[in-house]
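A.B. asks: Residue numbers (our numbering): 1066 to 1406.
Where is the CB? At the ideal position from N, CA and C, for every residue including glycine.
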Amino acid sequence: MSAATYRAVQATGGGKLELVERPRLTPGPGQVLLTVEACGICHTDTLTVEGGFPGLTHPRVPGHEVVGRIAAVGAQVSARWQVGQRVGVGFLSGRCGECESCRRGDFVNCANQALTGIHHDGGYAEQMLAPAQGLVAIPEELSAAEAAPLLCAGITTFNALRKSSARPGELVAIQGVGGLGHLGVQFARHMGFRTAAIARGQGKRKLALELGAHHYIDSEAEDPAQALQRLGGASVIVATAANPASMGPLMSGLKPQGRLVIVGAGAEPLKIDVSSLLFGERSIAGSNTGTPVEAEDMLSFSLLRDIRARIETVPLERAAEGYARMLRNEARFRMVLTTGA
Ligand SMILES: [Zn+2]
Ligand SMILES: [Zn+2]
C-alpha cells in the first residue's frame, strides 16, 4: 500500500467483487480510521454482493467482521479510542440515539441502525472508516483472524443463548454445525447447558462432540424433535441453518414454555404447526447479533473458556474466491480475509 492509496474489494452489484485502489481516507466527526488486519466473510455479505438491500448503493465494500488498529481518530470521538488500539467492528455499527428503541436503551433495534458493509463501506479492504460508537475493544490475546468471525458469528450465537431463558443444566439444542453452529455448540457447552447438536448425516458427529456437544442428533437418521423429546425436551433450540423449512419441525422437540430462537437467515417462509405452539405454550423468536459492549463480553467469555472459530484464511486480493467458497458452503467453518497488516 502506498501512502496515498489503499486496496479495497468492492461489490459492484449482481454478485461481482472487484479489487480497486482508492485514495487514502480521513476520519470525519465521530469516526475512526482503521488499518484493517482481518475481516471475516459472512453469509450476510450476500446482501451487499448480490444487492437489493434497502438503502444499499454500489459500489460498496462488504464485510462486518472487521479487526484492525486505529490509525487516526476524527473529531468528537471519546478518549476511550486511541491511535494504535486494537478494535473490531461488527454488523450493527451505529445507533441514532433518537428513535424510540434507542430512547429505551434497546440499541440493537435502533430504527436507523447503520449496518457495516451495507450503509457504509466495510472491511474487505486495507482501510476502513468506522463510527466510533460501533467499536469493540479486542483483547491482545486474540489474533486478528481469530477475533474477526467472533464479531458476527460469535456474538450472534452467544447472545441467542445468553438472552434466552435456559438455565444451567437444561437441554439446549443447536441446529446446524456450520459457521454459526460450531460456535453455538461451544458457547452452549461452556455456559453450562446440556448441549445437543443437530446436523444432517454423520459427517459432523465427531466435530460436534469435539466442540463439546453432549449429544449428536443426525436429522437424516431420526426425527430431531423426537430425539430431543427422548432427552427430556429442549428449553431452547438455536436454529442456525439457512433453510427455514428445516426449522418448523423442530418445535415439538421443545419442552413446554420452550423457545425456538432463529439466527440463520433463509429466503423461504417458516412453516409451523400451530398446535405445537398452543399446547405447551412454546414460542419462536429471532435474535440479531448484539451491541458492541455485548461483543466485548463475548470476547472475554471466549478467552476464559478457550472458545475459537475454526477458520480458513485467504488474502484480501482473493476475496472473490473466499466469498464463493462460503457461498458453496465449503468453508470450514469461517472464511477470513487477511491484509498482511
Ligand atoms: Zn454476519
Ligand atoms: Zn435509534
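#1: Taking Cβ positions, are Ala1103 and Ala1213 nearer each other than 8 Å?
#2: From Ala1231, Thr1091, Ile1106, pick the residue whose C-alpha is nearest to that of Thr1100; which is it?
#3: Express the C-alpha separation of Pro1204 and Leu1364 in angstroms, rounding to a whole number.
#4: Rounded to a whole number of angstroms, what is the C-alpha to C-alpha distance between Glu1275 and Leu1248?
#5: Have a look at Gly1187 and Gln1291 and give me their C-alpha separation to the nearest angstrom.
#6: Can you tell me the Cα-Cα spacing of Glu1086 and Ala1384, whole angstroms?
#7: Given a cut-off of 8 Å, decide if Gln1267 and Ile1372 are closer than it, judged by their beta-carbon atoms.
#8: Kindly examine ligand 1 and report whether one of its heavy atoms sits closer than 7 Å to the Cβ of Cys1164.
#9: So for Lys1228, helix, strand or coil by DSSP?
#10: Does ligand 1 have a heavy atom nearer than 7 Å to the CB of Glu1115?
#11: Could you work out which residue in Ser1166, Gly1159, Leu1335 is closest to Val1201 when comparing CA atoms only?
#12: Please confirm whether any heavy atom of ligand 2 lies closer than 7 Å to the CB of Ala1179.
#13: Output the boundary residues of the alpha helix (DSSP H) element that contains Tyr1388.
#14: For the alpha helix (DSSP H) containing Ser1340, name the first residue and the last one.
C.D. replies: Inspection of the coordinates gives the following:
#1: Position 38 of the sequence shown holds residue 1103. Position 148 of the sequence shown holds residue 1213. It is a contact, given that the beta carbons lie within the stated cut-off.
#2: Locating residue 1100 in the sequence shown gives position 35, counting from the first residue. If we check each option's Cα against that of Thr1100, Thr1091 comes out closest.
#3: Here residue 1364 refers to the residue found at position 299 of the sequence shown. Here residue 1204 refers to the residue found at position 139 of the sequence shown. Cα atoms of Leu1364 and Pro1204: separation of roughly 8 Å, rounded to the nearest angstrom.
#4: Stepping through the sequence shown from its first residue, residue 1275 is reached at position 210. Stepping through the sequence shown from its first residue, residue 1248 is reached at position 183. Answer to the nearest angstrom: the Cα atoms are 12 Å apart.
#5: Start at 1 with the first residue of the sequence shown, and residue 1187 comes out as number 122. Start at 1 with the first residue of the sequence shown, and residue 1291 comes out as number 226. If you take the alpha carbons of Gly1187 and Gln1291, they lie about 43 Å apart.
#6: As a first step, residue 1086 is located in the sequence shown; it is residue number 21 there, counting from the start. As a first step, residue 1384 is located in the sequence shown; it is residue number 319 there, counting from the start. Cα to Cα, Glu1086 sits roughly 15 Å from Ala1384.
#7: Here residue 1372 is taken as the residue at index 307 of the sequence shown, counted from 1. Here residue 1267 is taken as the residue at index 202 of the sequence shown, counted from 1. No. Outside cutoff.
#8: Sequence index remark: in the sequence shown, residue 1164 carries index 99 (1-based). Cys1164 Cβ: outside cutoff for every heavy atom of ligand 1.
#9: As a first step, residue 1228 is located in the sequence shown; it is residue number 163 there, counting from the start. Of the three classes helix, strand and coil, the one that applies to Lys1228 here is coil, per DSSP.
#10: One-based indexing of the sequence shown puts residue 1115 at position 50. Taking 7 Å as the cut-off, the C-beta of Glu1115 does not count as close to any heavy atom of ligand 1.
#11: Reading the sequence shown from its first residue, position 136 is the one you call residue 1201. With distances taken between Cα atoms, Val1201 lies closest to Gly1159.
#12: By 1-based counting over the sequence shown, the position of residue 1179 is 114. At a cut-off of 7 Å, the beta-carbon of Ala1179 does not count as near ligand 2: no heavy atom of the ligand is closer than that.
#13: Reading the sequence shown from its first residue, position 323 is the one you call residue 1388. Here the alpha helix (DSSP H) through Tyr1388 covers 1384-1392.
#14: Numbered from its first residue, the sequence shown carries residue 1340 at position 275. For Ser1340, the enclosing alpha helix (DSSP H) stretches over residues 1339-1343.
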